[in-house]
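Numbering of the sequence shown is given in the numbering used here, commencing with residue 96 and proceeding in unit increments.
Ideal placement from N, C-alpha and C gives every residue a C-beta, glycine not left out.
Only a predicted model underlies this, so the values are computations on that prediction, with no experimental measurement involved.
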Amino acid sequence: MSSKRPTSQKKHKPGVGDNFQTPGYAVKPLLDYINPHWNIWEPACGKGNIVKFFEEWGYDCRGTDLIMGVDFLTSDPKDWVDCIVTNPPYSIKNEFIARCFYLAIPFALLLPYTALETAERQAHYKTHDIQLIFMDTRIEFQTPSGQGSGAWFPTMWLTWGFGLPKQLNWAEIDKPGKRKYK
Ligand SMILES: C[S@@+](CC[C@H](N)C(=O)[O-])C[C@H]1O[C@@H](n2cnc3c(N)ncnc32)[C@H](O)[C@@H]1O
């Protein structure tokens, strides 16, 4: 028998990227695909950047977080949620991905490209029709110190249930001082 614990039973120790906050420009590509009448749940909202972004665009978005006592991995969104949008804590991304598929509510998770790897994650992707949005620049996340930090890894939106036109979609990002990667 393997001595390795399944990911779902791992003790959660927050990782380096677990407290990075997402700037609004990274969320903008989703506006083309989210019904303006939908109620959006940001279940790991941190400082609330994604919630504020949607509110500024006139959407109804509610944020919860573990630091508010709401654990996404066990909480029931009730009837008001039409879709889930978050940049999850990357140290427990497998659990967030599994929970989203379990809830079966349209969702968009901002994840590193490497989230396409591993047999455990691919088991979900094989049975669900995921659609991805790739961006033409890296995201400058807000770090706990309040400084911007150019991510050292590329990120994408992994979505399910939004009815995107293709499986692979490409977005141009309005980022201040944007540097395009060749
Ligand atoms: C990378 S930060 C992202 C914050 C926000 N989503 C954003 O993109 O601006 C991840 C957040 O997940 C929260 N978190 C960690 N584990 C969680 C859990 N099990 N349920 C809900 N939130 C959790 C952390 O407290 C942290 O605020």
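Put residue 257 into one of helix, strand or coil per three-state DSSP.
Working through the sequence shown from its first residue, we reach residue 257 at position 162. Note: residue 257 maps to coil in three-state DSSP.
Considering only residues of the segment 154-201, which uninterrupted alpha helix (DSSP H) runs meet the minimum length of 4 residues and lie entirely inside it, listed in chain order?
Residue ranges of uninterrupted alpha helix (DSSP H) with 4 or more members, entirely inside the segment 154-201 and ordered along the chain, are 188-198.
Per-residue DSSP class, three states only, for residue 290
The displayed coordinates of the chain run from 96 to 277. Any statement about residue 290 would go beyond what the structure contains.
For the beta strand (DSSP E) holding residue 226, just list the boundary residues, first then last.
Here residue 226 corresponds to residue number 131 of the sequence shown, with the count starting at 1. Boundaries of the beta strand (DSSP E) harbouring residue 226: 226-230, taken from the DSSP string.
Would you mind working out which of 192, 269, 267 and 207 sits nearest residue 201, comparing C-alpha positions?
In the sequence shown, residue 201 corresponds to position 106, counting from 1. Of the candidates 192, 269, 267 and 207, the one whose C-alpha sits nearest the C-alpha of residue 201 is 192.
Which residues does DSSP list as the beta-bridge partners of residue 265?
Counted from its first residue, the sequence shown places residue 265 at position 170. Answer is 229.
Residue from 271, 127, 190 and 117 with nearest C-alpha to residue 152
As a working mapping, residue 152 is identified with position 57 in the sequence shown. If we check each option's Cα against that of residue 152, 127 comes out closest.
Can at least three beta-carbon pairs, one atom from the segment 119-133 and one from the segment 262-272, be found at a separation below 8 Å?
Touching, yes, given that three or more Cβ pairs across the two stretches are closer than 8 Å.
Close beta carbons around residue 150, own chain, < 8 Å, minus the five adjacent residues each side:
On the sequence shown, residue 150 is found 55 positions in, with the first residue counted as 1. If we look at residue 150 and ignore the five residues flanking it on each side, its Cβ neighbours are 156.
Does any heavy atom of ligand 1 sit closer than 6 Å to the C-beta of residue 184?
Walking along the sequence shown from the start, residue 184 turns up at place 89. Yes, the beta carbon of residue 184 sits closer than 6 Å to at least one heavy atom of ligand 1.
Classify residue 130 as buried or exposed, calling it buried when 16 or more other Cβ atoms lie within 10 Å of its own Cβ.
The residue given as residue 130 occupies position 35 in the sequence shown. Flag for residue 130 reads exposed.
Flag this pair as yes or no: are the beta carbons of residue 180 and residue 203 separated by less than 7 Å?
For the purposes of this step, residue 180 is taken as the residue at position 85 of the sequence shown. For the purposes of this step, residue 203 is taken as the residue at position 108 of the sequence shown. By the CB criterion at 7 Å, residue 180 and residue 203 fall inside the cutoff.
Looking at C-alpha atoms only, which residue of 250, 114, 254 and 252 is the closest neighbour of residue 162?
In the sequence shown, residue 162 corresponds to position 67, counting from 1. Out of 250, 114, 254 and 252, 114 has the C-alpha closest to the C-alpha of residue 162.
Between the C-alpha atoms of residue 208 and residue 252, what's the straight-line distance to the nearest angstrom?
Counting from one through the sequence shown, the residue named residue 208 turns up at place 113. Counting from one through the sequence shown, the residue named residue 252 turns up at place 157. So the alpha carbons of these two residues sit roughly 9 Å apart.
By the three-class DSSP mapping on this structure, what secondary structure does residue 134 have?
Residue numbering aside, residue 134 sits at position 39 when the sequence shown is read from its first letter. If DSSP states are grouped into helix, strand and coil, residue 134 belongs with the strands.
Is residue 160 close to ligand 1? I mean its beta-carbon at under 6 Å from any heavy atom of the ligand.
Position 65 of the sequence shown, counted from the first residue, corresponds to residue 160. Because some heavy atom of ligand 1 lies under 6 Å away, the Cβ of residue 160 counts as near it: yes.
Can you find a heavy atom of ligand 1 that lies under 6 Å from the Cβ of residue 189?
Looking up residue 189 in the sequence shown gives position 94. Flag unset: Cβ of residue 189 not near ligand 1.
Same chain only: Cβ atoms within 6 Å of residue 182, ignoring 5 sequence neighbours per side
Your numbering for residue 182 matches position 87 in the sequence shown. Excluding positions up to five away in sequence, the list reads 117 and 205.
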